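Chemist:
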Amino acid sequence: MSSAKSVSSNQERFLSFSLGIEEYAVPLLAVREVIALPEYTAVPYTPPYFLGIMNLRGQVISIMDLRQKLGVKPGVNTETAVIICDLNGNSIGVVVDSVNTVLNPAATDISDKPEIQSNRPTDYITGVYRKDKKLVLFLDLFKSLSLEDHQAIKKSHDGAAKKVA
Amino acid sequence: MDDFEKELKIGFLDEASQLLSDAEQCFLVLESNPNDGAMLDKIFRLAHNLKGSSKAVGFEDIGVFTHRLESFLLQLKNGELTIRSETISLLLSCNDHIRVMVEALKADLDAKVDSTELIERIELASSGNLDAPNESLSDEGPTPEEVALIKMVNDSFADVAFDPILETSAIETQAAEVIAMPKAPEKAQSPAPSPSPVSVQEESIRVSLARLEKLINSVGELVIFQTVLREQSLSSNAHLLRKTIHQMGKVTKEVQDISMSLRMVPLRQTFQKMQRIVRDTSNMLDKKVHLSTQGDDTELDKTVLENISDPLVHLIRNACDHGIESPSVRTANGKSENGSVTLNAYHQSGKLVIEVKDDGAGIDGERLKQKAIEKGIVRPDAKISEQEAIHLIFHPGFSTKAQVTEVSGRGVGMDVVKTNIEALQGEVQVETVLGKGTTFKVILPLTLAIIDGMVVQNEGSRFVVPLSHVHETLKPAPEDVKETIGIGEVLFLRGENLPLYRLHSLLGQKKASIKQASEQIAMVIRYANQPFAVLVDDILGQQQVVIKEVGQEIQSLKWMSGSAILGDGKPAIIIEMNELVKPAKRGVA
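Chains as they are written, first to last, in this note's numbering: chain A, 1 to 165; chain B, 166 to 754.
1) Would you mind working out which of Val136/A, Lys69/A, Thr122/A, Asp65/A sits nearest Asp109/A, comparing C-alpha positions?
2) Would Lys408/B pass as an interface residue toward chain A - the criterion being a Cβ-Cβ separation below 8 Å?
3) For Asp462/B, I'd like the list of residues in its chain whose CB is within less than 8 Å of its CB, leaving aside the five on either flank, ordered along the chain.
4) What first and last residue would you give for the alpha helix (DSSP H) that runs through Gln552/B?
5) With distances taken from CA atoms, which of Asp168/B, Val630/B, Ile615/B is nearest Gln622/B?
6) Can you pull the chain B neighbours of Ser62/A, defined as C-beta to C-beta under 8 Å?
7) Can you check which of these residues, Asp261/B, Asn503/B, Lys601/B, is closest to Ile528/B by C-alpha distance?
8) Check whether the Cβ of Ala698/B lies closer than 8 Å to any Cβ atom in chain A.
9) Could you tell me if Ser741/B is buried or exposed, where buried requires 16 or more neighbouring beta carbons within 10 angstroms of its beta carbon?
10) Could you confirm whether any beta carbon from chain B is found closer than 8 Å to the beta carbon of Val43/A?
11) With 8 Å as the threshold, decide whether the Cβ of Ile53/A is near any Cβ in chain B.
12) Take Leu270/B and list the residues in its own chain whose beta-carbon comes closer than 7 Å to its own, dropping the five residues that flank it on each side.
13) Can you pull the chain A residues whose beta carbon is under 9 Å from the beta carbon of Glu539/B, in chain order?
14) Grouping DSSP H, G and I as helix and E and B as strand, with all else coil, what is Asn200/B?
15) So what does DSSP say about Thr338/B, is it helix, strand or coil?
16) Which residues in the same chain as Gly20/A place their Cβ atom closer than 7 Å to its Cβ, once the five residues preceding and following it in sequence are excluded?
17) Provide the residue(s) that pair with Val595/B in DSSP beta bridges, ordered along the chain.
18) How would you list, in chain order, the residues of chain A whose beta-carbon sits under 8 Å from the beta-carbon of Ser626/B?
19) Please report the straight-line C-alpha distance between His411/B and Asp617/B, rounded to a whole angstrom.
20) For Gln674/B, which residues in chain A fall below 7 Å Cβ to Cβ?
21) Pick helix, strand or coil for Asn402/B, following the three-state DSSP scheme.
22) Are there three or more Cβ pairs, one per stretch, closer than 8 Å when the stretch 374 to 385 of chain B is compared with the stretch 47 to 55 of chain A?
23) Is the beta carbon of Gly555/B less than 8 Å from the beta carbon of Val593/B?
24) Output the distance between the C-alpha atoms of Phe280/B and Val443/B, rounded to the nearest integer angstrom.
25) Got a sec, what are the start and stop residues for the alpha helix (DSSP H) Lys813/B sits in?
26) Residues in the same chain with beta-carbon distance under 7 Å from Phe696/B, minus the five sequence neighbours each way, listed in chain order, please.
27) According to DSSP, what are the bridge partners of Gln535/B?
28) Just checking: is the beta-carbon of Gly734/B within a distance shorter than 8 Å of some beta-carbon in chain A?
29) If we ignore side chains and look at the alpha-carbon of each, how far apart do Asp261/B and Glu189/B end up?
30) Is the stretch 491 to 509 of chain B in contact with the stretch 439 to 459 of chain B, if contact means three or more CB pairs nearer than 8 Å?
31) Quick one: which chain B residues come within Cβ less than 7 Å of Ile84/A?
32) At what residues does the beta strand (DSSP E) containing Lys271/B begin and finish?
33) How is the alpha helix (DSSP H) around Asn483/B delimited, first residue to last?
34) Suppose you measure from the CA of Ile35/A to the CA of Ser62/A; what does that come to, to the nearest Å?
35) Is there a Cβ of chain A sitting closer than 8 Å to that of Ser447/B, yes or no?
36) Beta-carbon of Leu19/A versus every beta-carbon of chain B: anything under 8 Å?
Here it is in structure tokens:
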């Protein structure tokens, strides 16, 4: 095995993308592919950021709007893209404003997120990276989407069901 | 332990499970006909195979136990012991014991299971009856000399654990060979294939289920693309293209049929298990019950088969316990002392039907009704038809037998049976004649991966409703729909008042335009406990759809049983209507 390879494996690579005017990144290993926003079917009793289900070459996967989920204002004139991620064997499509680049940051350039007093949960941000004059936030996709969503969807169903009654 | 050794061991355990179920079947045949020498031979061979290969892969425990068992079998075979019902019971518990060992080893390759107690029982049995007359083989008519010869052959078998075994069933032939060439030529043969109760067996290979699933998934995709392609070609004028696509469609359909059939397994093994259940149950109840099976070769999807086993066991036990009367009652009623239970499997209009039929007392609808009134399940003044009364047995918390028995009853049974079968998209029917017997018909889909769906349209979205859930569809006449403040809309249908729901409000969507019920189509759903009707904008058609699982994030939505990819490639939700109306009902109450 070449030494160059082992160096790059020490430095985890990230896929960076834009949500509104902010820049985020997720570990590249969790990304299966990036596609254009396909047609999708809405699913009732799900939160607004849960766009629906889509057909990815015969597999039906959920598609979620990360911008709505994180409460980021969508950018204008963006080439909306869907990042297909693999979260513990479960594929999920995540809608972002645009996919930018693959980052290969040195470990020393990554720092912990600054502790900010806030009511909003921030545990899905695992760290920050300063690139030139920009700030890139590293996301834990599992935390920002999956676990929490189970409950959110359930609540949404129960609540809506009561309304129907 | 290196990988090769491990693989060998795992291979052996798989093989052993097969041998054990074969052996169990043989024991049961032997019980009904203790003089069946050929069957004894077969059992002996099975035990011998097991002993040989277990020692070869290093499972000493099984080796030692089967060695003792083999010696016991040899005594039976040589007619030194008589075969009685107790003997069979002992053999069956030995079989169970080996199965326990095999299961334990499957979980942990170094597992140890204590067999001393059973070995003692075998010792006891083999010493207890040594002077019993030579009954078992005498009917086959070998002379004493022949018996001696046979014994000699057997001894030569028993001594060498790794001897490959000749596949000749008639022992006399072997004896003849030995006369020609004493103690020589067995080793020339290649190892015998494991004997099985089937006389003709096609050649087969084992494939892991995961690989099969992958293939089936890919074929499913292929079918979808084929449909998409066909729809696209309809707008094209290229004649040749359309012809090719049409031909491709035929091949695709064939590939799909073949790949789906790969998951199909015959019911035989499940039916064989039932023999044992009937035997044990009837012994426990001191009844005489004979189980006969038909249609063992009928094939069923593996997943369905795995899930149907428990409900079947329950139905069989019920037939033995509640259905078949005790011998004295039977004779008093002019029936034969021996009760009979029949298992019959066959295909009917694209579904699989399994019948469990007994010639017992039948179900007394009147008694069921009384019982239901006692338990407060039914109001005393309620008018219920005979058929409805009989269906009360599926009501949760219902058991008609006065006494709770070990075998069945406690009332947790039949409703679970019904629920399990309905979970498989199937249904149960009961036919009963008082004093003559009862037939339970379990009707199952052939596979779970593909369903017949009704594609409906509502507010611009398409949904799939399993066709088996839809009892009928109709365009309601304006005067048949009554809107009330208290209980919502009601549909009059041939004297029935059905709750009428609108799909968009069930789905929590706002209506874009208020439509008259008479402009829509009502689907009547009856598979639920309470019938109801659901209004949709339009019905687009019926088609077979491949069920696609949805992501974990939305699996908690119970009303959504999956999704299906429609002809244009867009996914649609498969709706479980019964679940969808549930919370609304709860709210009303």
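Just so you know, even glycine gets a beta-carbon here, dropped at the ideal spot from N, CA and C.
Bear in mind that the values here come from a model prediction, so they are computed numbers and not experimental data.
Modeler: Short version:
1) Within the first sequence, residue 109/A is the residue found at index 109, counting from 1. Of the candidates Val136/A, Lys69/A, Thr122/A, Asp65/A, the one whose C-alpha sits nearest the C-alpha of Asp109/A is Val136/A.
2) Here residue 408/B is taken as the residue at index 243 of the second sequence, counted from 1. Contact of Lys408/B with chain A is not assigned, every C-beta pair being separated by 8 Å or more.
3) Against the second sequence, residue 462/B aligns to sequence position 297. Excluding residues up to 5 positions away in sequence, Pro431, Leu432, Arg433 lie with their Cβ nearer than 8 Å to the Cβ of Asp462/B in the same chain.
4) Taking the first residue of the second sequence as position 1, residue 552/B is located at position 387. 551 to 555 is the span of the alpha helix (DSSP H), which, as asked, contains Gln552/B.
5) For this step, residue 622/B is matched to residue 457 along the second sequence. Out of Asp168/B, Val630/B, Ile615/B, the CA that lies nearest to the CA of Gln622/B is found in Val630/B.
6) Sequence index remark: in the first sequence, residue 62/A carries index 62 (1-based). For Ser62/A, the neighbours in chain B by C-beta distance under 8 Å run, in chain order, Val715, Gly716, Glu718, Ile719.
7) Here residue 528/B refers to the residue found at position 363 of the second sequence. Considering only Asp261/B, Asn503/B, Lys601/B, the residue with the shortest C-alpha distance to Ile528/B is Lys601/B.
8) Within the second sequence, numbered from 1, the residue matching residue 698/B stands at position 533. So no, Ala698/B is outside the interface.
9) To locate residue 741/B, count along the second sequence from 1; it is residue 576. In the sequence on display, residue 741/B carries Glu and not Ser. Within a 10 Å sphere around the beta-carbon of Glu741/B sit 16 or more other beta-carbons, which makes this residue buried.
10) The count along the first sequence starts at 1 and reaches residue 43/A at position 43. Interface residue, yes.
11) The sequence position of residue 53/A within the first sequence is 53, counting from 1. The beta-carbon of Ile53/A is placed less than 8 Å from the nearest beta-carbon of chain B.
12) Position 105 of the second sequence, counted from the start, is the residue given in the question as residue 270/B. Apart from sequence neighbours up to five positions away, the residues of its chain that approach Leu270/B with a beta-carbon distance below 7 Å are Leu178, Phe224, Ala276, ordered along the chain.
13) Position 374 of the second sequence holds residue 539/B. Taking a Cβ-Cβ threshold of 9 Å, none of the residues of chain A is close to Glu539/B; the smallest such distance is about 34 Å.
14) For the purposes of this step, residue 200/B is taken as the residue at position 35 of the second sequence. Of the three classes helix, strand and coil, the one that applies to Asn200/B here is coil, per DSSP.
15) Residue mapping note: residue 338/B aligns to position 173 of the second sequence, counting from 1. Here the model assigns Thr338/B a pLDDT of 42, short of 50, so the residue's position is not dependable and the matter cannot be decided.
16) Start at 1 with the first residue of the first sequence, and residue 20/A comes out as number 20. Within the same chain, Cβ atoms closer than 7 Å to the Cβ of Gly20/A are found at Arg67, Val72, Lys73, Pro74, Gly75, Asp97, the five residues on either side in sequence being excluded.
17) The residue given as residue 595/B occupies position 430 in the second sequence. Partner(s): Phe605/B.
18) Numbered from 1 along the second sequence, position 461 holds the residue referred to as residue 626/B. Those within 8 Å of Ser626/B in chain A are Thr41, Ala42.
19) In the second sequence, residue 411/B corresponds to position 246, counting from 1. In the second sequence, residue 617/B corresponds to position 452, counting from 1. Rounded to the nearest angstrom, the gap between the Cα atoms of His411/B and Asp617/B is 22 Å.
20) The sequence position of residue 674/B within the second sequence is 509, counting from 1. Within chain A, the residues near Gln674/B are Pro44.
21) By one-based count along the second sequence, residue 402/B stands at place 237. For Asn402/B, the three-state secondary structure derived from DSSP is coil.
22) Short answer: they don't touch.
23) In the second sequence, residue 555/B corresponds to position 390, counting from 1. In the second sequence, residue 593/B corresponds to position 428, counting from 1. Before going on, a small fix: residue 555/B reads as Ile here, not Gly. Here Ile555/B is not near Val593/B, since their CB atoms are 8 Å or more apart.
24) For this step, residue 280/B is matched to residue 115 along the second sequence. For this step, residue 443/B is matched to residue 278 along the second sequence. This sequence places Ser at residue 280/B; Phe is not what is there. Their backbone Cα atoms lie some 26 Å apart in a straight line.
25) No answer is possible for residue 813/B: the residues shown for chain B start at 166 and end at 754.
26) As a first step, residue 696/B must be located in the second sequence, where it is residue number 531. Residue identity check: residue 696/B is Pro in the sequence provided, not Phe. If we look at Pro696/B and ignore the five residues flanking it on each side, its Cβ neighbours are Leu663, Val689, Ile690.
27) Numbered from its first residue, the second sequence carries residue 535/B at position 370. DSSP output for Gln535/B lists no bridge partner at all.
28) Locating residue 734/B in the second sequence gives position 569, counting from the first residue. Look at Gly734/B: its C-beta is under 8 Å from a C-beta on chain A.
29) Here the question's residue 261/B lines up with position 96 in the second sequence. Here the question's residue 189/B lines up with position 24 in the second sequence. Computed Cα separation, rounded: 9 Å.
30) Counting Cβ pairs under 8 Å, three or more are found: they touch.
31) Taking the first residue of the first sequence as position 1, residue 84/A is located at position 84. Here the premise fails: no neighbours, minimum Cβ distance about 11 Å.
32) Taking the first residue of the second sequence as position 1, residue 271/B is located at position 106. Careful: Lys271/B lies outside any beta strand (DSSP E), inside the alpha helix (DSSP H) at 250 to 272.
33) Sequence index remark: in the second sequence, residue 483/B carries index 318 (1-based). Where Asn483/B is concerned, the enclosing alpha helix (DSSP H) stretches over 467 to 483.
34) As a position in the first sequence, residue 35/A is number 35, starting the count at 1. As a position in the first sequence, residue 62/A is number 62, starting the count at 1. Take the alpha-carbon of Ile35/A and the one of Ser62/A: they are about 14 Å apart.
35) Here residue 447/B corresponds to residue number 282 of the second sequence, with the count starting at 1. It does not: the Cβ of Ser447/B has no partner Cβ on chain A nearer than 8 Å.
36) Here the question's residue 19/A lines up with position 19 in the first sequence. For Leu19/A, no Cβ of chain B is located within less than 8 Å of the residue's own Cβ.
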